[in-house]
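Below is one structure; the comments refer to it alone.
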Amino acid sequence: MTSAELTSVYKGYIACLNAQDWKKLEYFVADDVEHNASVLGLPGYRKMLEKDFSEIPDLQFNIELLVVEPPHIASRLRFDCSPSATFLGLSVNGKAISFAENVFYEFREAKIARVWSVIDKAAIEAQL
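Note that the numbering used here has the sequence shown beginning at 7, numbered continuously upward.
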């Protein structure tokens, strides 16, 4: 895939997440996807995302920075949201917070095969 093609696929994936269109997730994520070195598989990955949206009703993924070097993507995602209870072990309880997630993806056959993710928990702690 070219950088332009991979960028398009990734933006489609982000749109899929924001729309919570779980039926289309299979077009973007491999059946044996790994997240932070744990094999979740597509069903586990979907369950993880559904849990995120249930705990953070106003969750939206916003691309702040995107670097594409096929078959990899590095992305800084920005979140402005209000988790309903505990988030990352922190009692947020509906307070509006802003934070970033730095994510690296490895694609295989135009689908996300591996994800490495780090959330800026210190930014959240500073707001609480």
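Built from N, CA and C at the ideal position, the CB exists for glycine as well. Values in this document were obtained by computation on a predicted structure and should not be read as measured data.
Grab me the residues of D58's own chain with a C-beta within less than 7 Å of its C-beta, minus the 5 sequence neighbours each way, in chain order. L65
For the alpha helix (DSSP H) that S60 lies in, which residues bound it at each end? Looking at the DSSP string, the run of the alpha helix (DSSP H) that includes S60 is 47-61.
For the pair the stretch 43-50 and the stretch 95-103, tell me if three or more CB-CB distances fall below 8 Å. no
Excluding the 5 residues flanking P77 on each side, which residues of the same chain have their C-beta closer than 8 Å to its C-beta? M7, L12, E112, F113, R114
Looking only at its chain, what residues have a beta carbon closer than 7 Å to the beta carbon of F105, apart from the 5 residues adjacent to it on each side? So the list reads F85, I125, D126, A129, I130, once near-sequence residues are dropped.
When DSSP labels each residue in this structure, what does S88 get in the three-state scheme? If DSSP states are grouped into helix, strand and coil, S88 belongs with coil.
L23 in three-state terms, based on DSSP: helix
Rounded to whole angstroms, what's the CA-CA distance from A80 to V74? Just pull it up for me. 7 Å
Look up K101 in the DSSP assignment and say whether it is helix, strand or coil. coil
Should L83 go down as buried or exposed, given a rule of 16 or more other Cβ atoms within 10 Å for buried? Buried is the call here.
From A25 to A43, what does the alpha carbon distance come to, in whole angstroms? 27 Å
Span of the alpha helix (DSSP H) around A132: Secondary structure note for A132: its alpha helix (DSSP H) is the uninterrupted segment 127-133.
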